[in-house]
Ligand code: GLA
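In the numbering used here, the protein residues as written are 2 to 397.
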């Protein structure tokens, strides 16, 4: 069986109850932001190319209220590896020119601190809040983007309507992650958490920061997420290395980014004896951008067979050329592909653990889950997800 995904209203209610218990009053502001799964276009956002994620019904909820003074208190209901679960933040002084808060423990609070510091517009007032989330942490479903975008949305609700473009909101959250969590991530996760639309995947052009909705609500197909429940230590450092390698390949080719490279450029890299690793990284980026545009066309035509084939090709490229997969993810993909009715499967997100995403005929989903459960060497968790909405203010 797949996990039962709690409805947003029950996640909100839990948070409200915890708020009442902790602060002895009612929360009036309620917001949420979703996690995401990337369907195709992996490690492409920082190469200025195309990615195609969808927002999930797994969400981070933030409830709270404005208070006088300059001290903000936040409680998280989720288990974190870095307690305490409650933190206080000295808010930036309204008259200060730079609205900076220093990062510091606990780690989870840095997403919130980073977003407060990077908030565009009026300096936010102090507040009390409770965070509750159904996005698994460290599972490659963007729990960090969900907390960042939830915080930004919460501040919007506190400060009042802002004229900021949704893309600027995503960029501010990305900057929070760069500066406060030290992760040099691309823009995909924050973008989809802000801009997701129910019933649609989103094709994002990471160069122009524009996006196209692609309907994905056919009841004949299902998106199945399988969490390997492993996370290899490499994740952080290897991500930055891949970014640098792609950047270097673009420099050698005298291109702005690998978005501008073609297969002829890969041949040229070989001809001038570029090291094998750089060639492989560049080849993944060039072929993955191509696959993502083809996948968008296939999805528009409901050609799920083609879409599935592109997913598998994407996985193979991430495994062999980009080298960000791991034995557990490879096994999950292999097992899923053994079941009749599975259209395609691949690792999703940064890699080295986390989740796979599988496109499967609705009638076959139970069979896949059973088959994977029986044969996977670890303990997987399954989520059947429909494309969902981006961040929302539910009350203020
Ligand atoms: C992480 C990053 C994203 C993206 C993916 C890989 O999720 O946060 O920006 O680069 O990895 O596609």
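No residue lacks a Cβ here, since even glycine has one placed at the ideal position from N, Cα and C.
Backbone secondary structure at residue i - three-state DSSP
{"i": "residue 119", "result": "helix"}
{"i": "residue 47", "result": "helix"}
{"i": "residue 208", "result": "coil"}
{"i": "residue 257", "result": "coil"}
{"i": "residue 2", "result": "coil"}
{"i": "residue 342", "result": "coil"}
{"i": "residue 192", "result": "helix"}
{"i": "residue 384", "result": "strand"}
{"i": "residue 247", "result": "helix"}
{"i": "residue 84", "result": "coil"}
{"i": "residue 110", "result": "helix"}
{"i": "residue 101", "result": "coil"}
{"i": "residue 262", "result": "coil"}
{"i": "residue 56", "result": "strand"}
{"i": "residue 218", "result": "coil"}
{"i": "residue 242", "result": "helix"}
{"i": "residue 202", "result": "strand"}
{"i": "residue 334", "result": "helix"}
Check whether residue i and residue j have beta carbons under 9 Å apart
{"i": "residue 354", "j": "residue 330", "result": "yes"}
{"i": "residue 104", "j": "residue 180", "result": "yes"}
{"i": "residue 204", "j": "residue 192", "result": "no"}
{"i": "residue 201", "j": "residue 216", "result": "yes"}
{"i": "residue 154", "j": "residue 63", "result": "yes"}
{"i": "residue 35", "j": "residue 296", "result": "no"}
{"i": "residue 241", "j": "residue 185", "result": "yes"}
{"i": "residue 170", "j": "residue 130", "result": "no"}
{"i": "residue 172", "j": "residue 37", "result": "no"}
{"i": "residue 133", "j": "residue 61", "result": "yes"}
{"i": "residue 312", "j": "residue 40", "result": "yes"}
{"i": "residue 83", "j": "residue 107", "result": "yes"}
{"i": "residue 344", "j": "residue 148", "result": "no"}
{"i": "residue 182", "j": "residue 111", "result": "yes"}
{"i": "residue 293", "j": "residue 53", "result": "yes"}
{"i": "residue 1", "j": "residue 308", "result": "This structure cannot settle anything about residue 1, because the visible part of the chain is limited to 2 through 397."}
{"i": "residue 225", "j": "residue 359", "result": "yes"}
{"i": "residue 283", "j": "residue 270", "result": "yes"}
{"i": "residue 325", "j": "residue 340", "result": "no"}
{"i": "residue 90", "j": "residue 74", "result": "yes"}
{"i": "residue 266", "j": "residue 281", "result": "no"}
{"i": "residue 167", "j": "residue 195", "result": "yes"}
{"i": "residue 138", "j": "residue 79", "result": "yes"}
{"i": "residue 390", "j": "residue 198", "result": "yes"}
{"i": "residue 368", "j": "residue 351", "result": "no"}
{"i": "residue 51", "j": "residue 207", "result": "yes"}
{"i": "residue 92", "j": "residue 121", "result": "no"}
{"i": "residue 246", "j": "residue 298", "result": "no"}
{"i": "residue 412", "j": "residue 233", "result": "In the structure displayed, the chain extends from 2 to 397; residue 412 sits before or after that span and is not available."}
First and last residue of the uninterrupted alpha helix (DSSP H) at residue i
{"i": "residue 309", "result": "305-321"}
{"i": "residue 174", "result": "167-181"}
{"i": "residue 393", "result": "Unbroken run through residue 393 is the beta strand (DSSP E), 393-396; no alpha helix (DSSP H)."}
{"i": "residue 144", "result": "144-160"}
{"i": "residue 79", "result": "Where residue 79 is concerned, there is no enclosing alpha helix (DSSP H), given that its DSSP letter is neither H nor E."}
{"i": "residue 357", "result": "Counting along the chain, residue 357 falls outside any alpha helix (DSSP H), though it belongs to the beta strand (DSSP E) covering 354-362."}
{"i": "residue 366", "result": "366-376"}
Boundaries (first-last residue) of the beta strand (DSSP E) holding residue i
{"i": "residue 131", "result": "128-134"}
{"i": "residue 89", "result": "87-91"}
{"i": "residue 68", "result": "First-last for residue 68: undefined, no H or E at that position."}
{"i": "residue 1", "result": "Outside the shown range of the chain, which is 2 to 397, sits residue 1, and nothing can be said about it."}
Any chain D beta carbon closer than 9 Å to residue i
{"i": "residue 196", "result": "Among the chains of the structure shown, chain D does not appear; only one protein chain is present."}
(message) Using a Cβ distance threshold of 8 Å, determine whether the segment 250-267 contacts the segment 19-32, with at least three qualifying pairs required.
(response) Contact between the segment 250-267 and the segment 19-32 is absent: fewer than 3 CB-CB pairs across the two stretches fall below 8 Å.
(request) Kindly provide the ranges of any alpha helix (DSSP H) runs that are 4 or more residues long and lie completely inside the segment 265-306, ordered along the chain. (result) 277-301
(message) As an exercise, report each continuous beta strand (DSSP E) stretch of at least 3 residues that is fully enclosed by the segment 10-54, in chain order.
(response) 30-41
(request) For the segment 156-163 and the segment 121-139, state whether three or more C-beta atom pairs, one from each stretch, are separated by less than 8 Å. (result) yes
(message) Using a Cβ distance threshold of 8 Å, determine whether the segment 378-389 contacts the segment 162-180, with at least three qualifying pairs required.
(response) As far as the Cβ criterion goes, the segment 378-389 does not touch the segment 162-180, which means the pair count is below three.
(message) Contact between the segment 45-53 and the segment 67-76 is defined here as three or more beta-carbon pairs at a separation below 8 Å; is this criterion met?
(response) no
(message) Count Cβ pairs between the segment 333-347 and the segment 299-317 that sit closer than 8 Å; are there 3 or more?
(response) yes
(request) Please determine if the segment 255-274 and the segment 222-232 are in contact, where contact requires at least 3 C-beta pairs separated by less than 8 Å. (result) With the cut-off at 8 Å, the segment 255-274 and the segment 222-232 do not touch.
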